[in-house]
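Numbering-wise (full-length UniProt numbering), the sequence shown opens with residue 1 and increments by one. See structure below.
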Amino acid sequence: MVGGGPAGAICARLLAGAGIETTLIEKDLSNNKPCGGGLIASAFKEFELPQHTVKKTVNTLRIIAPSGKTQEIPLNQTHLAIVDRMPFDAALRTQALQQGAHLLVGQCRGITTRNGRGSLLVSTNDAGDLEVRARYVVAADGVNSRIRRLLTGSLPDRFYTLHEVIRGHEQQTCDFMFGSSVAPNFYSWVFPHAEGISIGTGCVDVPRVGGYLKNCLAAYGIDSCGEQRGYYIPFWDNRLYFKSGVFFVGDAAAQVMPFTFEGIYYAMKSAKFVATAIIERRSVLYQSLWRQRLKKRFALMKTLQGIFLRNDKMVESLVSLHERPEIRQAAMRFWMHQESALKSPGTYINYFKNHV
Numbered sequence: 001m002v003g004g005g006p007a008g009a010i011c012a013r014l015l016a017g018a019g020i021e022t023t024l025i026e027k028d029l030s031n032n033k034p035c036g037g038g039l040i041a042s043a044f045k046e047f048e049l050p051q052h053t054v055k056k057t058v059n060t061l062r063i064i065a066p067s068g069k070t071q072e073i074p075l076n077q078t079h080l081a082i083v084d085r086m087p088f089d090a091a092l093r094t095q096a097l098q099q100g101a102h103l104l105v106g107q108c109r110g111i112t113t114r115n116g117r118g119s120l121l122v123s124t125n126d127a128g129d130l131e132v133r134a135r136y137v138v139a140a141d142g143v144n145s146r147i148r149r150l151l152t153g154s155l156p157d158r159f160y161t162l163h164e165v166i167r168g169h170e171q172q173t174c175d176f177m178f179g180s181s182v183a184p185n186f187y188s189w190v191f192p193h194a195e196g197i198s199i200g201t202g203c204v205d206v207p208r209v210g211g212y213l214k215n216c217l218a219a220y221g222i223d224s225c226g227e228q229r230g231y232y233i234p235f236w237d238n239r240l241y242f243k244s245g246v247f248f249v250g251d252a253a254a255q256v257m258p259f260t261f262e263g264i265y266y267a268m269k270s271a272k273f274v275a276t277a278i279i280e281r282r283s284v285l286y287q288s289l290w291r292q293r294l295k296k297r298f299a300l301m302k303t304l305q306g307i308f309l310r311n312d313k314m315v316e317s318l319v320s321l322h323e324r325p326e327i328r329q330a331a332m333r334f335w336m337h338q339e340s341a342l343k344s345p346g347t348y349i350n351y352f353k354n355h356v
């Protein structure tokens, strides 16, 4: 397992728990990935996540149009859990180790594959360069995946996000702010955080993202603390699952939900599919499970993103549509990952047909 974030840690825990010798390779145990840190509460039961990692809980979402029009969406039957990525990721790795996985702290610098088996060159601080051989390799090493670049010569298309944590401020809702002045074709967010609030934005035009974040801060009457951190998020492309004995999962496989850009949940979901394929010794099962369970959902959200985030006028329509109870309920079923919504995602888009 190359990469000790949620995808790598969940996969390592499941494989080790099934009695398969598993090594989890992580280059930086102190990495604190810039992230809003929001997870639907049901994910903790689905993936057996440690509850002590929850720093805040949120019961209401707010979507904010360019005009300032706001719709509140109560999370009546659930809540959103806010985690801090560094301790959250560490707790998931601990779970994997408790199941018998081995942890190797080091940077994967090379890979060779032969007859479906992988050989990794890993540079460590303690033991120098090591060769790690495995029947399967799982590339869970993020949007800048070295494994993906070495095996395919490319990385997923991406956009840039910039955020900062504002200490001393409180926020009870998770806010999604839309508009060309703060996040053209995307959204800005303001989430509760363990130390205050997290406020951030994203766009493909990297030199301008700082200006958009400044506008976000101004909209909330907040001065920058000067501690801004940035990171890339991949665009879903539905292209890479398995190649030359290597499974690709999470950001390394661009498995980020379009429109909402939710990554943690789907990285863990995909990791379960990888673990199932390895346990059953059927590599093709991973892609089959992913496309069967998630492809329609991702394709639908990509369609909605293209419709509603293309300009401010369409964003205003999106926010206005959520005045209708049936649309709010459909959205909640979707965001809560309810099986009824996942099996027939087209029912969600039917609500929008007469308004496009």
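Cβ coordinates follow ideal geometry from the N, Cα and C atoms, glycine included.
Cβ neighbour criterion (16 or more within 10 Å) applied to residue i
i, result
"residue 28", "exposed"
"residue 164", "buried"
"residue 77", "exposed"
"residue 218", "exposed"
"residue 26", "buried"
"residue 251", "buried"
Reference residue i, options the options, closest by Cα
i, options, result
"residue 238", "272, 200 and 302", "302"
"residue 204", "218, 215, 55 and 187", "187"
"residue 11", "101, 71 and 80", "101"
"residue 185", "161, 169 and 26", "161"
"residue 177", "167, 216 and 211", "216"
"residue 84", "94, 103 and 56", "56"
"residue 150", "93, 308 and 112", "112"
"residue 142", "309, 255, 167 and 14", "255"
"residue 266", "245, 279, 294 and 244", "294"
"residue 329", "72, 180, 23 and 261", "72"
"residue 279", "4, 21 and 7", "21"
"residue 91", "145, 5, 148 and 147", "5"
Rounded separation between residue i and residue j - CA only
i, j, result
"residue 270", "residue 96", "16 angstroms"
"residue 18", "residue 88", "23 angstroms"
"residue 192", "residue 59", "11 angstroms"
"residue 9", "residue 268", "9 angstroms"
"residue 156", "residue 220", "33 angstroms"
"residue 264", "residue 114", "32 angstroms"
"residue 120", "residue 282", "22 angstroms"
"residue 277", "residue 136", "11 angstroms"
"residue 74", "residue 36", "19 angstroms"
"residue 52", "residue 44", "11 angstroms"
"residue 359", "residue 181", "Summary: the structure shown does not reach residue 359, with the chain confined to residues 1 through 356, and so no result is reported for it."
"residue 312", "residue 179", "6 angstroms"
Presumed contact (8 angstroms Cβ cut-off) between residue i and residue j, rounded CB distance
i, j, result
"residue 139", "residue 246", "6 angstroms"
Margin query: Check whether the segment 283–298 and the segment 30–45 touch, using three or more Cβ-Cβ pairs below 8 angstroms as the test.
Written below: no
Three or more C-beta pairs under 8 angstroms: does that hold for the segment 193–202 against the segment 316–336?
no
I want to know whether the segment 54–70 touches the segment 312–329 - three or more CB-CB distances under 8 angstroms. yes
request  = Could you say if the segment 119–130 and the segment 225–233 meet the contact criterion of at least three C-beta pairs nearer than 8 angstroms?
outcome  = no
Give a yes or no on contact between the segment 165–183 and the segment 46–63, applying the rule of three or more CB pairs nearer than 8 angstroms.
yes
task = Evaluate the contact criterion for the segment 38–50 versus the segment 141–156: three or more CB pairs, one atom per stretch, below 8 angstroms.
result = no
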